Amino acid sequence: MIALLIRDMRLAFRAGGGFGLGLAFFLILAVLVPLGVGPDRTTLALIAPGILWVGALLACLLSLDRIFALDYEDGSLDLLATAPVPLEGVVSIKALAHWLTTGVPLVLVSPVLGLLLSLPVPAYGWLLLSLMLGTPALSVIGTFGAALTVGLKRGGLLLSLLVLPLYIPTLVFGAEVVSRGAQGLAVGTPLALLAGITAGAVALLPFASAYVIRINLR
Amino acid sequence: MSSLWEYANPLKFMRTTDWLLPIVAVAAVVITTIGLVWGFFFTPDDFRQGSTVKIVFIHVPAAMMAINAWVMMLVASLVWLIRRHHVSALAARAAAPVGAVMTVIGLITGAVWGQPMWGTWWAWDPRLTAFLILFLFYLGYIAMWSAIDDPDTGADLTAVLCLVGSVFAVLSRYAANFWNQGLHQGASLSVAPGTRMDWAYKAPLYTCMVGFGLIFLALVLAGTRTEIRARRMKALVARERMA
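Those protein sequences? They're chains A and B, same order as listed.
Read in the UniProt record's numbering, the first sequence has 212 at position 212, and its numbers run on one by one without any break.
Read in the UniProt record's numbering, the second sequence has 153 at position 153, and its numbers run on one by one without any break.
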């Protein structure tokens, strides 16, 4: 399983793996929003938590179809499905690899983008914490969506239609943590709910994803 | 021994719905017409909302059926996943567009009602938001069905999507509750004592609800029959090619 993790991460980092695309997209979004909304600092500070969370969500979405598509095309997914490692484990590892190559970099650059959007100072810690807690859920839910659409020729658009509604609870609680943090309010409740969604998704969705992949490989 | 599962046999299902569907369809039209005419022309105006209150006779039944349709799809998906009855999967497929249209009717009548009452067509109220999200789930479900050629794979994938989607739809409902306080009134009907709706409104409203339920049933039965016929046709064409 560790070998699989290393393999997936190598594939993501190398040329054509799409690493950095999500980051670049996140950066472009943070540049485009002030250009569209205007440079007024108070307005930007007000919408920054939401923009950063929506940006992280969309950047995550970009690399989802890579999780299974290439393995499905060259047949490695069939091998993985018949391997002694349970398919649920394979799916979890792939989600973990996706998180390490997409989610974690997004978390790490988010404070810089917060600076661009003049996010209020007390919110930075909450931004990092909420993204750190929330992005695993994004990866796991996205892996489920990728598993659903793996057999389709042009599943990309369908994938976003399926996955984005599933991201709503994570987005609501994540953005709520940051905007409450920015106003200096108590963040305990949304933070706990966000952690709860992540824990539930990480624990249960790999079973659904593995089930769906078995259907698609039939 | 007769049991509910007999109707999982497509032939038996077709034979039963042959005579059941016309009855349900006629009953749906008659009861809905009675309910709507009663509601629109034979109820008093509300002392504050005037005649706009009468949109409740479309709004509430449509909203109710929008949610019930999803619940029915959930049950049908479970039956398909557990017992592999094709009729069940096809019924879930037939219910989705009806549910989506009910959701749109609920949203549109809500907007028309909200304009004079709240002074706005749309507000990011938790109930409204949750309904819009439900509509997105319907769209995803329908798109998933139409994207897959193999009917059994499609049935399996959409059934799992329906199960996972249900969990997230409920989560979204509570997330929306948490996210914003609403303009929307509480439940229109409640068994709790002290309900605020008078029987003059409740009676036609219940009639409309039964009518909308029957409309849904008639459309789902018709849709399922169409799906079964389409499948049979495909099988016949395939057999013809083999020969």
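Glycine included, C-beta positions come from ideal geometry on N, C-alpha and C.
As the structure is a computational prediction, the values presented were derived from the model and not from experiment.
Return the Cβ separation of residue i and residue j in integer angstroms, given the expectation that the two are a contact with Cβ distance under 8 Å.
i        : j        : result
B:Thr33  : B:Ile215 : No, B:Thr33 and B:Ile215 are not in contact; Cβ-Cβ is about 11 Å, not under 8 Å.
B:Ala143 : A:Leu161 : 6 Å
A:Phe173 : A:Leu193 : 5 Å
A:Leu21  : A:Leu62  : 6 Å
B:Trp80  : B:Ala155 : 6 Å
B:Val164 : B:Phe135 : Actually they are not in contact, since the Cβ atoms of B:Val164 and B:Phe135 sit about 17 Å apart, beyond 8 Å.
A:Ala45  : A:Leu119 : 6 Å
Please classify residue i: is it buried, with 16 or more other beta-carbons within 10 angstroms of its beta-carbon, or exposed?
i                      : result
A:Thr82                : exposed
A:Ile6                 : exposed
B:Pro126               : buried
residue 243 of chain A : It is not possible to answer for residue 243 of chain A, since the shown part of chain A is limited to 1 through 218.
B:Met242               : exposed
A:Leu64                : buried
B:Ala192               : Reliability fails at B:Ala192, whose pLDDT of 49 lies under 50, so the model's placement of it is uncertain and the value that follows must be treated cautiously. So B:Ala192 counts as exposed.
B:Arg232               : exposed
B:Arg225               : buried
B:Leu4                 : exposed
B:Val37                : exposed
Measuring CA to CA, which of the options is closest to residue i?
i                      : options                                : result
B:Met65                : B:Phe131, B:Ala155, B:Ala8             : B:Phe131
B:Asn9                 : B:Arg93, B:His86, B:Ala25              : B:His86
B:Thr52                : B:Gly39, B:Trp5, B:Tyr141, B:Ala62     : B:Gly39
A:Val150               : A:Gly38, A:Ala3, A:Ile215              : A:Ile215
B:Asn180               : B:Cys208, B:Trp113, B:Trp124           : B:Trp124
A:Gln183               : A:Ala95, A:Phe13, A:Val121             : A:Val121
A:Phe68                : A:Val85, A:Cys60, A:Val91              : A:Val91
A:Pro136               : A:Leu80, A:Tyr124, A:Leu171, A:Gly156  : A:Leu171
A:Val107               : A:Ala201, A:Ala195, A:Leu52            : A:Leu52
A:Ala208               : A:Pro105, A:Leu191, A:Tyr124, A:Gly89  : A:Gly89
A:Leu158               : B:Thr153, B:Ile148, B:Ala159, B:Asp152 : B:Ile148
residue 219 of chain A : A:His98, A:Val85, A:Arg180             : What the structure shows of chain A is the stretch from 1 to 218, and residue 219 of chain A is not part of that stretch, so it cannot be assessed.
B:Leu217               : B:Ala27, B:Leu161, B:Ile228            : B:Ala27
B:Thr17                : B:Ile228, B:Asn68, B:Glu240            : B:Ile228
Residues of chain A with CB under 9 Å from residue i, in chain order?
i        : result
B:Trp70  : Going along chain A, no residue has its Cβ under 9 Å from B:Trp70, so there is no contact; the nearest lies around 13 Å.
B:Gly140 : Leu158, Leu161, Leu162, Val163, Leu164, Pro165, Leu166
Taking residue i as the query, report the chain B residues whose CB atoms sit under 8 Å from its CB, ordered along the chain.
i        : result
A:Glu176 : Phe178, Trp179
A:Ile197 : Leu171
A:Arg218 : Thr153
A:Leu148 : Met144, Leu157, Val160, Leu161
A:Ala182 : Here the premise fails: no neighbours, minimum Cβ distance about 16 Å.
In chain A, what lies closer than 7 Å to residue i by C-beta?
i       : result
B:Ile67 : Neighbours of B:Ile67 on chain A: none; closest Cβ ~16 Å, over 7 Å.
For residue i, go through chain A and note every residue whose CB falls closer than 8 Å to its CB, in chain order.
i       : result
B:Met73 : None at all; the shortest Cβ gap to chain A is about 15 Å.
Check the Cβ of residue i against every Cβ in chain B and list those closer than 7 Å, keeping chain order.
i        : result
A:Tyr72  : In chain order: nothing, as chain B lies at least about 14 Å away.
A:Ile215 : Thr153, Asp156, Leu157
A:Pro169 : Phe168, Leu171, Ser172, Ala175
A:Phe173 : Ala175
A:Tyr211 : Val160
Could you tell me which chain B residues have their CB closer than 9 Å to the CB of residue i, listed as they occur along the chain?
i        : result
A:Leu152 : Ala147, Ile148
**Request:** Would you check if the segment 177–190 of chain A and the segment 122–130 of chain A touch, i.e. whether three or more CB-CB distances between them fall below 8 Å?
**Result:** Touching, per the Cβ criterion.
**Q.** Stretch-stretch touch, CB-based, cutoff 8 Å, three pairs: the segment 114–123 of chain B with the segment 137–157 of chain A
**A.** The segment 114–123 of chain B, when compared against the segment 137–157 of chain A, does not touch it at the 8 Å Cβ threshold.
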